Structure formats: C-alpha cells, structure tokens
Amino acid sequence: MSDKKARLRAIFVEEAGEIIEDLDVKIINFEETPDDKDILNDIFRGIHTLKGSANSFGFTRLGEYVHHFEDVLDHYRTDGTEISKDVIDLFLDSVDVVKEMLQLEIDESDGFPEKYDETLSLIQDIINNKDSSTPKVESTTDLSDEFSNESFENSDASSVVNVDSDEPYMLAQCQNGEKLYKVELLFEEDSFTRGLDHANFLNILGQNGRVLGINWDFSNVVTLDSFEFRKNYIKSVLIYLASSETVEELRDIFEFTEEQEWKLEEIEQVLKKEETVQVESNQELKEEVVEKQVVKEDKEKEAQEVVKQKNNEVKKVQPAKRSFVKIDTEKLDDLFDSVGELVIAQNFLMENEAVRQLEDVNLKKNLETLYKITRLIQTRVMGLRMVPIRDTFEKMKRVVRDVNKKTGKDADLILSGEDTEIDKTMIDKLADPLIHVIRNALDHGLESDKEERLKAGKPTTGKVHLKSYHQGGNIVIEVKDDGRGIDPKKILTKAIERELVTEVEGANLTDKQIYQFIMNAGFSTAEKVTDLSGRGVGLDVVTSFIETMRGKVEINSSLGKGSSFKIMLPLTLAIIDGMLVKSSGEIMIIPTLSIVESFRPLKESIHTAKGKGEYVKLRDELLPIVRLNHILNISEDRVEISESTLVSVENKNGKFAILVDELIGRQQVVVKSLGKALAGIKEVTGGAVLGNGDIALILNVDELHTDMV
Amino acid sequence: MIVDGENLIVSCDEAQDEIEELYDFIKPRLEYIDSITVESDVKLASSLLLQLLVSIKKSKPSIQINLLDGGVHESKFYGTMHWSHL
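As you go down the protein sequences, you meet chains H and C in turn. One rule links them: number in the numbering used here = place in the first sequence (from 1) + 424. One rule links them: number in the numbering used here = place in the second sequence (from 1) + 312.
This is how it looks when you write it as structure tokens:
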C-alpha cells in the first residue's frame, strides 16, 4: 500500500470510528425524542457516509452490511412508520455489528461479527415487509437541499451519493497534473432513441482521463410491468473524473447534447466556493428553510422565497465564520512540549540573579510582558487539548439502556456538567472506567427490584446521576446512585476474611477507608455473580486506569440512600500542580491532588511503635510517618520530627504523613519523562525542570507507603 | 446471454439489441430465475443493461444480481460505482 493510500486509509478509519461512536448516542437520543426526525436523518447521514467511504477503501464487507442498514433507516425515515423498542434494539445491535466489522476489516481478519446474520435477517424482514406494504409517503424532512450543492441544485438527495464524503478522497487520488472533475449526465427520456447512451460517454471520458467513481440514480426506474425498453429511466449519473485535460477540452465531448443534459465542474473550484462565507451561510439558511418546509408545496415556495431573500441579505452582511481544523494529537503534543520548554526557559530568565538585580525599569517591564505572554501561550496551547466531556457522558446512555435490558431494572441516567472540559488524552482513557462504575452502580448499587425500592420509600425508577465539575484545580466526575448504599460492616468482614486487614487494624478504619476495599482486585461482596459485575474485576480496573491518569477515586455512601464514586483527575496530564518540598537537600514535588494538609507536629504527638515505625497523632487520627530521605535512599540522616514539617497525604490505602525538611511552595510544573534508566523507580512518576535549572522528582504518592494496610 | 439452470449469465458488453433479447427472454420467465450473474471485466456497452437489471430487481427483490447487490461495485474501468434507489 502506498504511503498516500495508507494515510487516507488511516483518516477513513479514524473518521469511521467517530461516526460509529456517534451512532449509539444518536439512536438513544432518538428513542428519547421519537418525534425529532432530524436525529433519524442524522443517523441515516452517518451511515450513508460510512457506506461510501467503506467501499472506496475496499472495506467491502463493512460496506455491504452498512448498505442494508442504510436501507432500513431509509425505510423508517421516508415511511414515517413508528419505530418500536425492538427496532431501536435492532439499530443498536446493528451499530455493534458495524463496530466489530470495522475492526475485522482493519485487522484484515476473515469472518463476521456474532450478530451479523441475526441483524441482517431482521433488517431484510423489515425491508421485505415494506415492499409488500403500502406505498411510500413523502419524507417528513427532505434532505435534498443538504445533499445538493450550488452547482447541482436540481439533483435529488440520493443522486449525489457521497458527494461530501468522497470528494476529498477523489481529490487525493489525482496524480500530478490531473484535476478532478465532476460530470453529471441528466439525459431525457428519449435519449436512447436519440443515440445518447450513458455508457458511451463514460467510455469517452475514460479515454480523456481516469474515471474514479460513478453514482447512478435509479429512482425513476420502474418495474418490468410498465418498463418500456428504449425509454431512459436513469435519472442521473454522477461521474468523478481525474484528467489532465482542461474544462474546455472536456466540454467538447458533449458537443452534440442539449445544454440541460450535462454538467461539468472542476471539484477544486467547488471546494473553494464552499470555503466562502456566503456559501456556508446559504447552506445554513437552506437548512433553516428545510426545517420550515413541512413538506407542503405552498410552504415550499414560500421557503424558496425566504432563501432568495436571505441570500440577498447575506451578500450585504457577511457574518464571522467559524472554521475547524483537524490536527494530529502528536503534533499538539509536540507543540505542548515546545511551549513547556519555553516556560522553563522563561523561568530560568526570571530567576536569574543578574536579571533580578536589573535596575532598568523598561527592561524589567518588557521581561514581565514576555512572562505574561508566555503564560498566555501556555494556557492557550493547553486549551487546544481540552474537549468537553459531553460525548463520553452521552455514550453512557447506551450502557444504562443495555444494563436495564439485561437486569430488568428500571433506571434513569441524569447527566450534568457535560460541558466541563478535560484533556483529550484523558477523555480517551476515561470511557472504560466510567462504564465499569456505572454498571456497578446499576447492578449492585440499585435495589434488585421495584418492590425493594417501594419498601424503602423510593420511586420504582432508580436514578444514576453522572456529573462533572471543577473542584480545587481538579476535575471531578461523579457517579451517584439512589440505591441501597454500601454496608461498611459487610465490606470489613470480607476484607478481614481475605486477609486484607486485621481485625485490630480494621477497627481503626473510617467508613471511607473501608469503602476503598471494594476497589481491590477480586473483591466482591455480591451474592450473585452476573456477567455485568460481581466478580470483583472491574472496579480494580477503574483504580488502575484512574491512577495512570494521576487521579484518584473516592467513595462515599449512605446505607439505604445510595453511593457516590468520585473520580478526581488533574486538569491535564502534561502539567502538574505540585508542592515543592526539600528533603536532605533534594527538591521533590508532591502532587497537590494527594495532599490533605501540612503541619509542624508537636513533640508529644509523635509516637514510635516497636518494629512498626513512627506515627503522629493528628486530631483523632494516627498517621504513619514516611521519611522521604530513607524511602528514596537519599541519606541515612534522622532529623528530629518535631523540628521538621509533615505533609499529610492520602492514597488508596489511607492517610499518612511525609516528613520533609521544608516546604518551598506550590508551583505548576511541566511533567517530563524520566527515561528508561529511571523508569523502574516506582516511588516517582516523572521529573520537572525548575526555574533555576534544577531537576525535581515528582513523587508517586500511591507507591510511597504500600505496606500500611 | 447464457442460461445456466436458474441462473442467467450476461456480460456488461452486451449491445442494445442483445439487451432487448434479454428483456424479451426474462419478462415472461422472471419468476423462474433466481439469479443473474453479470460479467463485468469488460466495458459497459450500454446503460440500457443497467436500467433493465434494476427494473428486474425492483420487480423481484429476492433475485440475486451480483453487480447490484451490496449497493456498490468496484470496476477496473469506472472506479467505485454506487447504485442508489434500487
């Protein structure tokens, strides 16, 4: 495969993935608002685009399946038949098949997805029933405007199949010196008797270039009963031609045809036109008009008038254009790294002694401006990586629907804070842990049946609230259910049985600490193991995933009222908000997300347990003390605890106190990888270059005191 | 045109008069034909063939026509051919 083709294939795979991901959400949204035919049209549009692109890239199995899926969607879209829950199930199952099929095609594996035959057969049943049922009615929402463009205004929606999606691929197939042309043949009914045959023109065009693709519109073709042999029923033929000939030279081919029977345009010109504000605005206005159409002819005329009128207005007032560029995330990462270097260099400059002592006011002012601009650039570049969490949240609707179906429970998913922005890298990693937490909430959190809920004085429909918000410089994603809550006694008993904690230690644990046991691998108090949850796998996966993102999970629960799982994440993975501390002359960074508080201990609050280390009593808690210099083998010094500072931190096992010589201050640092040589040190997660050029290690709080519980 | 049991084999390069023969042959026998195999390794001689095949498909949706089933066809002469409104 050539580089170019491989690149295009990769683009297709990415775009196909995006389309498929969206389908689930749109189908569920359509189920919630079945009167909103725009959603159904949107689903149809996605599948339609997928079909064309899949076949263009040789993913024929996918293309064929999607073709049938498109048929059934088209049936409901145009027929107006009510869509039952079973049909929604079929749509969702079909999306699953499409997902699996895409993966099979990518892996170049043979075979078909498990539900392939079942869904295909159901689709065919619907189509076959349609054929024998009542004739079609007009589509409730005509997409013809959307599927046409300025140069092909008369084209029917389906006659310009894949115009939008194919053109970039077609353009990419043009070789040096070749231009891409779009030719449309719109022959009259008597064309064959006049000696005009589409095939002849195709072959002549083929002699003048390379035919890359053709869309045949057979909407006018009738059944054999009324078929007249020499009458032309082909409504239109749309041809993509790569040719080094000029437009004028190609026009000569149509010398003996009527002007209205063909159209020829260079694609590049069309794309350029599309980039102008006016065309975009026209499209928006057309869409607006389409919404107003309500299929009535008189309204249609009125709508056309509105378009004309508004087009004239557009010519006068050109609104600001919003455009988007797709960028490879690797390029963004590179940009981010470079900005990180810039910030570090800036910090060097600001902390340089000679610069600090500058007396030139203007120069100082200029340096400060430079500092502000650098920070602004950093913030803006960080913003490039931030995307709303909405799409990930929307995907959870499918999870809830599937679990409801499987368990027979009735639960609503309530979303809030979907506009909260989060680092794109984290978004990609967040879906799996969220699915686990939501499944767990539905399967274990909610009461097993309606009666149990009624007895507890709750409505029969359970609620799972998924929300996102900012808290103390972090992002919190919370899954809260109104179910039966977690019984800490039950968890503790199980933890003692599994020797995760002794009875004595367990007696000192808070409820919050006890809840954390359920995040351990293999830990489950479920009496019944289901295929959704209950084996103890799942929640430990959540912890692992979240920890890789330098986040943590906090569980709260109230017996009989419900539980909440709070996933706390840093704003971004590339920058960390840390507390700089000094231990035996070395500067270290403790992520502020893990810090509870820092304090100077009183002498009488320090205790030593023989063979079990040192402890500090802080209010009602007894916190183990970790000497940083010892654990990191920096030195053997034993400084007096009461003359040092303790930083109370919390990880999955509970709270403990890190002994440091002094606190330097809080700072945002750009995280740098330590490289292979130091990658094995589990107590540190990375390094950071400080303003004075020194390197500081970032502590991995989760690995600092693993033997505590 | 070759009749092979319930399968009919036709070629893309059939001329208009041959397509007319096909039309005359198939119209009264449609219910007995299960599939039509179209040999597409040659250039299309007339689009009459395509519209006739589509008409056949619309008359009997269960008939298998390799060229049309699947919604698209990859042609070495014409690139990717999409059929709509079958």
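All C-beta atoms in this analysis are idealised placements derived from N, C-alpha and C, irrespective of residue type, glycine included. The model shown is predicted, which means the values in this text are computed figures rather than measured ones.
Quick one, are the C-beta atoms of residue i and residue j less than 8 angstroms apart?
{"i": "Tyr400(H)", "j": "Val521(H)", "result": "With chain H represented from 425 up to 1133, any question about residue 400(H) goes unanswered, as that position is not in the structure."}
{"i": "Gly633(H)", "j": "Glu673(H)", "result": "no"}
{"i": "Val1095(H)", "j": "Ile1122(H)", "result": "yes"}
{"i": "Leu626(H)", "j": "Val635(H)", "result": "yes"}
{"i": "Met992(H)", "j": "Val900(H)", "result": "yes"}
{"i": "Ala855(H)", "j": "Val888(H)", "result": "no"}
{"i": "Leu432(H)", "j": "Ala596(H)", "result": "yes"}
{"i": "Lys509(H)", "j": "Gly383(C)", "result": "no"}
{"i": "Thr816(H)", "j": "Leu858(H)", "result": "yes"}
{"i": "Thr798(H)", "j": "Val767(H)", "result": "yes"}
{"i": "Asp448(H)", "j": "Val496(H)", "result": "no"}
{"i": "Pro1128(H)", "j": "Ile1055(H)", "result": "For the record, residue 1128(H) in the displayed sequence is Leu; it is not Pro. Their beta carbons are under 8 angstroms apart, which means Leu1128(H) touches Ile1055(H) by this criterion."}
{"i": "Gly886(H)", "j": "Lys833(H)", "result": "yes"}
{"i": "Gly869(H)", "j": "Asp843(H)", "result": "no"}
{"i": "Ile593(H)", "j": "Ser762(H)", "result": "For the record, residue 593(H) in the displayed sequence is Tyr; it is not Ile. No, they are not a contact pair."}
{"i": "His860(H)", "j": "Val965(H)", "result": "yes"}
{"i": "Arg863(H)", "j": "Glu871(H)", "result": "no"}
{"i": "Ile691(H)", "j": "Tyr795(H)", "result": "no"}
{"i": "Ile393(H)", "j": "His499(H)", "result": "Any property of residue 393(H) remains undetermined from this structure, which presents chain H solely from 425 to 1133."}
{"i": "Ile375(C)", "j": "Glu351(C)", "result": "no"}
{"i": "Lys821(H)", "j": "Leu837(H)", "result": "yes"}
{"i": "Lys1027(H)", "j": "Leu1047(H)", "result": "no"}
{"i": "Pro537(H)", "j": "Ile507(H)", "result": "no"}
{"i": "Phe748(H)", "j": "Ser367(C)", "result": "no"}
{"i": "Asn1057(H)", "j": "Ser1008(H)", "result": "no"}
{"i": "Asn1135(H)", "j": "Val1125(H)", "result": "Shown here, chain H extends from 425 to 1133; a query on residue 1135(H) therefore has no answer."}
{"i": "Lys369(C)", "j": "Leu362(C)", "result": "no"}
{"i": "Asn465(H)", "j": "Arg501(H)", "result": "yes"}
Which same chain residues end up closer than 7 angstroms to residue i when comparing Cβ atoms and leaving out the 5 residues on each side of it in sequence?
{"i": "Asp911(H)", "result": "Leu983"}
{"i": "Ser360(C)", "result": "Here residue 360(C) turns out to be Leu, not Ser, going by the sequence shown. Within the same chain, Leu360(C) has close Cβ partners Gln328, Ile331."}
{"i": "Glu845(H)", "result": "Met810, Val811, Pro812"}
{"i": "Ser615(H)", "result": "Asn656"}
{"i": "Phe389(C)", "result": "Lys355"}
{"i": "Glu438(H)", "result": "none"}
{"i": "Thr753(H)", "result": "Lys848"}
{"i": "Phe772(H)", "result": "Gly1115, Gly1117"}
{"i": "Lys1006(H)", "result": "Val1084, Asp1085, Glu1086, Ile1088"}
{"i": "Gly975(H)", "result": "Ile991, Met992, Leu993, Pro994"}
{"i": "Thr1032(H)", "result": "Glu1038"}
{"i": "Lys372(C)", "result": "Leu342"}
Using 8 angstroms for Cβ pairs, my map puts residue i next to residue j. What's the rounded Cβ distance?
{"i": "Asp663(H)", "j": "Ile638(H)", "result": "Reading the sequence as shown, one finds Ile at residue 663(H) and not Asp. Sure, about 5 angstroms apart at Cβ, within 8 angstroms."}
{"i": "Glu1021(H)", "j": "Ser1072(H)", "result": "5 angstroms"}
{"i": "Ile1112(H)", "j": "Ile1013(H)", "result": "The sequence as given places Ala at residue 1112(H); Ile does not occur at that position. Indeed, because the Cβ distance is near 6 angstroms, the residues count as touching under 8 angstroms."}
{"i": "Gly986(H)", "j": "Gly907(H)", "result": "5 angstroms"}
{"i": "Val493(H)", "j": "Ile471(H)", "result": "Rather than Val, the amino acid found at residue 493(H) in this sequence is Phe. Confirmed, about 6 angstroms."}
{"i": "Ile999(H)", "j": "Met774(H)", "result": "In fact, because the Cβ distance is near 18 angstroms, the residues do not count as touching under 8 angstroms."}
Excluding the 5 residues flanking residue i on each side, which residues of the same chain have their C-beta closer than 6 angstroms to its C-beta?
{"i": "Phe611(H)", "result": "Leu620, Asn656, Glu685"}
{"i": "Lys891(H)", "result": "Ser840, Gly841, Glu902"}
{"i": "Glu613(H)", "result": "Lys655, Asn656"}
{"i": "Phe483(H)", "result": "Glu529"}
{"i": "Val823(H)", "result": "Ile859, Ile862"}
Verify the contact flag: residue i, CB atom, against every heavy atom of the ligand SAH, threshold strictly below 7 angstroms.
{"i": "Thr926(H)", "result": "Within the structure as shown, the ligand SAH is missing, as the structure has no ligands at all."}
Considering only residues of the same chain and omitting the five flanking positions on each side of residue i, which have a CB-CB separation below 8 angstroms?
{"i": "Ile915(H)", "result": "Ile938, Tyr939, Phe941, Ile942, Thr949"}
{"i": "Thr972(H)", "result": "Lys853"}
{"i": "Glu318(C)", "result": "Tyr344, Ile345, Asp346, Ser347"}
{"i": "Glu445(H)", "result": "Asp815, Lys819"}
Chain C contacts from the segment 490–524 of chain H (Cβ-Cβ distance under 8 angstroms): The residues in question are His491, Glu494.
Interface residues of the segment 326–346 of chain C facing chain H [CB-CB below 9 angstroms]: Gln328, Ile331, Glu332, Tyr335, Asp336, Ile338, Lys339, Leu342
Any residues in the segment 359–381 of chain C with a beta carbon nearer than 7 angstroms to a beta carbon of chain H? Which ones, in chain order? Ser359, Leu360, Leu362, Gln363, Val366, Ser367, Ile368, Lys370, Ser371, Pro373
Hey, which unbroken runs of the beta strand (DSSP E) at 3 residues or more fall wholly within the segment 799–849 of chain H? Annotation: the segment 799–849 of chain H contains the following complete segments of the beta strand (DSSP E) (minimum length 3 residues), in chain order: 810–812, 835–840, 845–847.
Against chain C, which members of the segment 613–645 of chain H pass a CB distance test of less than 7 angstroms? Phe616, Asp621, His622, Ala623, Leu626, Asn627, Gly630, Val635, Leu636, Gly637, Ile638, Asn639, Trp640, Asp641, Phe642, Ser643, Val645
Proximal residues, the segment 453–477 of chain H versus chain C, C-beta separation under 8 angstroms: Lys475, Gly476
Residue ranges of each beta strand (DSSP E) within the segment 1079–1132 of chain H, 3 or longer: 1086–1094, 1108–1113, 1119–1123
Which residues, taken in chain order from the segment 1066–1088 of chain H, show a beta carbon closer than 7 angstroms to some beta carbon of chain C? none
Output, in sequence order along the chain, the residues in the segment 383–394 of chain C whose CB is closer than 7 angstroms to any CB in chain H. Gly383, Val384, Phe389, Tyr390, Gly391, Thr392, Met393, His394
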